[in-house]
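Chains A, B and C are the protein sequences, given in the same order.
Residues 53 to 233 in the working numbering are what the first sequence spells out, letter by letter.
Residues 32 to 421 in the working numbering are what the second sequence spells out, letter by letter.
Residues 62 to 441 in the working numbering are what the third sequence spells out, letter by letter.
Read the structure below first, then the notes.
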Amino acid sequence: MNVSVHIRDYPGIPLKDRDIAEGRVLTTEWRVKARYAWDTGAALGRFFRGLKEGKIYGRWCPGCDRIVVPPRMFCEWCFRPTVRWVEVGDTGRVNTFSVSYVNWDASRSTVPRVPAVIELDGASPGMGIMHLLGEVGDTLEEILRRVKVGMPVRAVWKPPAERQGAITDILYFAPRPGGGE
Amino acid sequence: MGYRNRVAIVGAGLTRFMRRAQETGKELCFEAARMALDAAGLRPRDVEAVVMATAPDVFDGVHMKGESLADGAGGFRKPYMRSFVGGGSGVFAVIHGWYHVASGHFDTVLVVAEEKMSSCLPHPQAAFNGIYDQFLERPLGVNLLWIFALEMNRYMQVHGIPLETIALVSVKNKKNGLDHPCAQEGIPGHYTVEEIVGSEVMVWPVTRLMVSPVTDAAAAVVMVSEQVAKRITDKPVWVKGVGWHLDSSYWTNRDLYYPKYVEYAARMAYDMAGITNPRREIDVVEAYDPFAYKELHHMEGLLLCDKGEAPRLLEKGITARDGELPVCPSGGLLGVGNPIAAAGLMKVAEIFWQLRGEAGARQVSRPVRTGLAQAWGDLMQVGTVVVLGV
Amino acid sequence: MRVAIVGVGATPLRSLSTCASFRELIYEAAVKAYEDAGVGPGDVDTFVAVSEDYWEGTAIFDEYVPDQLGAVLKPVHTICADGITALAAAMMQLQTGRFRIAVVEGHAKPSNVLHPSHIEAFALDPVFVRPLGLNPRFVAGLGMRRFLAERGYTELDCARVVAENRRHALDNPWAAHAARVEPEDVLASEPLAEPLKELDVAPYADGAVVLVLATEEVARELRDDPVFVRGIGWAQETPDLSQQDWVRAVYCELAAARAYRMAGIRDPVRELDLAEVDDTFSYKELQHLEALGLARPGDAAAMLKEGFFSRGGQLPVNPSGGNLGAGYLLDASGLRQVAEVVWQLRGEAGARQVPGAEVGLAQSWRGIPTASGAVAVLAR
């Protein structure tokens, strides 16, 4: 009976990039056409229409007494329908952030981007969305100096004519001077 | 506490961890499955059902890839099922196999976990773009690493943990990985804290040497009922407890500094295992470590120490292989490699081998009777935990 | 220990569901299921969902399951298989003795997939089959050709399946594709992958189905008409097209054998009162009837023609309209079938009620290019 200490040979033939590049191993490629048009439905449909108007909407859950953003038609905690659209502010605070030098496809970028989770004013405490920060510097040192967890920020919007009813209608969140602690 | 029909793991198999394997996904499955069956002294015809764990289809480039792997995993003309909880799948596979046997439906189940990430171009990481919310997040040009960076930053901020302390996880696990025969080339090694912290900043505060690599590999275990276990081995490793929990998909429903879903999963497993003081009662731990800070984050979620205390255990050497509570003696994902689902099952296999005293150079110093393996995944909100014992 | 279905909730199946996101669709089905069972999400111990990433357009769709089921911070996992196999997963969990109530969820929004044939093609073997660049329906065309040749069935026989099922759907308010279609219409419809024609194929539908299961003890507290899962089986033959049996649905034979044995059924034709049988392609219904032992090889078409399997016949098949009439809900079809059987056994099937139904069967297939499926036998 083989047990791990007695196994001499773990199976697996590792390849190097040049094995592929030099054709020592045959390969086949495929590019899949995977395209979707997802229904936004009631909650996000309204939310995106709001973004086009420069407004951020949430919904109120009477069961939990919380204003949820992004809005949903039902509360995932108490499982009851939410009622009433509530316009929340387009200001908030940074819950956490990071500084990214990697693009979506893992290629490296020299220009850093700053993803963050932003708690929105007017929504329940802690409630908010993920988005990007802007106007916070161009180098890692600068960004780490300027951005702090808890820092007040405000949304910077695309001009009304350019808005599409998408999350990108907000370009980014920028530091809000005089936002207080 | 406890459950109706006892279930044991009686054999394990593991392929090498490779950046790019020549083997297809099916072939990787076959190699691991064959090893596990050989280790258990069983033949394919003894297998009554097969369960498969493998992370997103996009890696292998096959829709419904569970189906395409079935024959490689011994599923020909058998009841075959694939479970999927993202990165948690490797440990969940054991839970999946557990309920196949514990329910009384099957006596012998083969559990296989496979990952062939190298097929995905331009880079497997790009595949993870699709885990984000399609409406609210993907249009931002998201990258997988953002999730970890956001969580890591929050964890560091709340507890005031310096980067150098987190780097110690990479140092420990990459050193442990030197003793793993399957470790991916170039991944284990002797590193200093400075080298870890000074490596390329990918998504601050995450640096390259704090990230586990992309890997192709497969793992397998054989799970059997008590009557079969007693017939084929004198050292069955029993499944004492299992637990799994999934949290909300909404970011701001959960505070990122603490993995509540891991705690709930752990409590579920501890309750089943009759464990009331995990720190004392668990002898060896394989916590999921795709990123250096995750080992600490998960240790706290597993209730092995108080919130914010995991760094202290690490600094004091308590979690080293010769420490009081060894964590990731295998080398973990940072030291061996990260073929997502197969990595989770590798951790279970490690606990299996540790409990039987068969881990060779990786065997921890202290005597071990109870071990734990944990994985994590989805949109960083699933925790899967298995407690094994002899 | 026996397991029963105590709650069923579903949305109507429709070609489009633009008014609802997937979350809202599933929420609707879940609320109905909980109401039907008389429990709340807080009472549920474990949740099982079915999905495949490429149908959803999301890598790791499992992440998005809990919120609309009330399953936040609870045991939740996804099974990448058909709905009946997920039912088996939930059942096994209950039978470990650790859980009392389980929920199974399935949904489909194929209307949101812009090029479904490309997704189906993506399931083909990347080295041996996909490079041929054919529309994946060719697999069904090959299967149909071989099956008809071996069994002596005709395209007209297959067309009758379509006519029957779409007509059954006329009495099903949940169905998306009810219509009065004559066999001649099917024969005249556009060829896709000869002999497969457009009307031989079940059209897609959007919808969601949620089931609530409980152990016998709990089930009896909740309802006086729990529907027991008497037997269940699931099987995979092989993903390799060159090794699959094109004539016999071996996966169905294996799954049925297990389900029948568990349920103590020796003579299914006599002992079953109705069956929901996969008819994703018209010829598959005939093939599955044989595999289920409901017709001897070569006899299925004649029996269908005589009305044996009609709503008023000896053994009604697809009283809901099947996938052809109700709509093809991808992997959630199995749950749709189970929902139908449960309603029938409870006497809640309205105009499509099979009188005195006590024992029913649901059988699913995962579609091309798989040879995977499951069978469940349900009874009062």
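Just so you know, even glycine gets a beta-carbon here, dropped at the ideal spot from N, CA and C.
Remember, it's a predicted structure, so these values are computed and weren't measured experimentally.
Bridge partner(s) assigned by DSSP for residue i
i	result
A/Trp112	A/Ile119, A/Val135
B/Met254	B/Ile40, B/Val140
C/Asp267	C/Arg75
C/Ser112	Note: C/Ser112 sits in no beta bridge, so no partner.
B/Lys147	B/Asp247
A/Pro66	B/Ala52
A/Met182	A/Val169
A/Ser152	A/Arg165, B/Val234
Proximity test, Cβ basis, 7 Å: residue i and chain B
i	result
A/Ser161	no
C/Ile429	no
C/Gly158	yes
C/Ile180	yes
A/Asp142	no
A/Glu233	No answer about A/Glu233 holds up, because its pLDDT of 45 lies below 50 and its placement is not dependable.
C/Trp307	no
C/Cys141	yes
C/Gln297	yes
C/Val273	no
C/His138	yes
C/Ala120	yes
Endpoints, the beta strand (DSSP E) within which residue i is located
i	result
C/Val420	420-426
A/Ile170	160-172
A/Arg277	What is shown of chain A runs 53 to 233, which leaves residue 277 of chain A out entirely.
A/Ile222	222-227
B/Met112	111-115
A/Lys104	Premise fails: A/Lys104 lies in the alpha helix (DSSP H), 93-104, not in any beta strand (DSSP E).
B/Lys271	268-277
Extent of the continuous alpha helix (DSSP H) to which residue i belongs
i	result
C/Pro252	Looking at the DSSP string, C/Pro252 is not in any alpha helix (DSSP H); the run it does join, the beta strand (DSSP E), is 252-254.
B/Met83	Here B/Met83 belongs to no alpha helix (DSSP H); instead the beta strand (DSSP E) covers 80-85.
C/Ala98	83-98
B/Ser99	96-100
B/Trp129	120-133
A/Arg206	Per DSSP, A/Arg206 belongs to no alpha helix (DSSP H); it is in the beta strand (DSSP E), 204-209.
C/Phe208	199-212
C/Val133	No alpha helix (DSSP H) holds C/Val133; DSSP gives it neither H nor E.
B/Leu171	B/Leu171 -> no alpha helix (DSSP H), and no H or E assigned at all.
C/Gln348	343-352
Whole-angstrom distance between residue j and residue i, CA atom to CA atom
i	j	result
A/Pro122	A/Tyr109	8 Å
C/Pro264	C/His238	8 Å
C/Glu346	B/Ser150	37 Å
B/Ile227	B/Cys213	23 Å
A/Asn54	B/Glu389	Any answer about A/Asn54 is weak, because its pLDDT of 38 lies below 50 and its placement is not dependable; what the coordinates show is given next. Looking at the two C-alpha atoms, the distance is approximately 11 Å.
B/Val78	B/Phe90	28 Å
B/Asn36	C/Gln156	10 Å
C/Gly382	A/Leu96	34 Å
A/Pro63	B/Leu287	39 Å
B/Lys206	B/Leu240	13 Å
A/Glu194	A/Val188	7 Å
C/Gly131	B/Ala372	27 Å
C/Glu245	C/Ala220	8 Å
B/Thr401	B/Ala39	13 Å
A/Gly232	A/Asp173	Summary for A/Gly232: the model assigns pLDDT 49, below 50, so the residue's position carries little reliability; its value from the coordinates is reported in the next sentence. So the alpha carbons of these two residues sit roughly 13 Å apart.
Below-7 Å beta-carbon distance, residue i vs any chain A residue
i	result
C/Asn196	no
is_contact[residue i, chain C] using C-beta, thresh 7 Å
i	result
B/Arg298	no
B/Pro170	no
A/Trp82	yes
A/Met125	yes
B/His221	no
B/Trp275	yes
Cβ-heavy atom distance, residue i to the ligand NAP, below 6 Å
i	result
B/Val89	This structure simply doesn't include the ligand NAP, nor any ligand for that matter.
Hey, which unbroken runs of the alpha helix (DSSP H) at 4 residues or more fall wholly within the region 284-333 of chain C? 311-324, 329-332
Taking only runs of the alpha helix (DSSP H) that begin and end inside the region 177-245 of chain B, which ones reach a length of at least 4 residues, in chain order? 194-207, 224-229
At 3 residues or longer, and completely inside the region 145-175 of chain C: list those beta strand (DSSP E) runs for me, N to C. 162-169
For the region 87-109 of chain A, which residues have a CB atom closer than 9 Å to at least one CB atom of chain F, in sequence order? This model lacks chain F altogether; the protein chains it does include are A, B and C.
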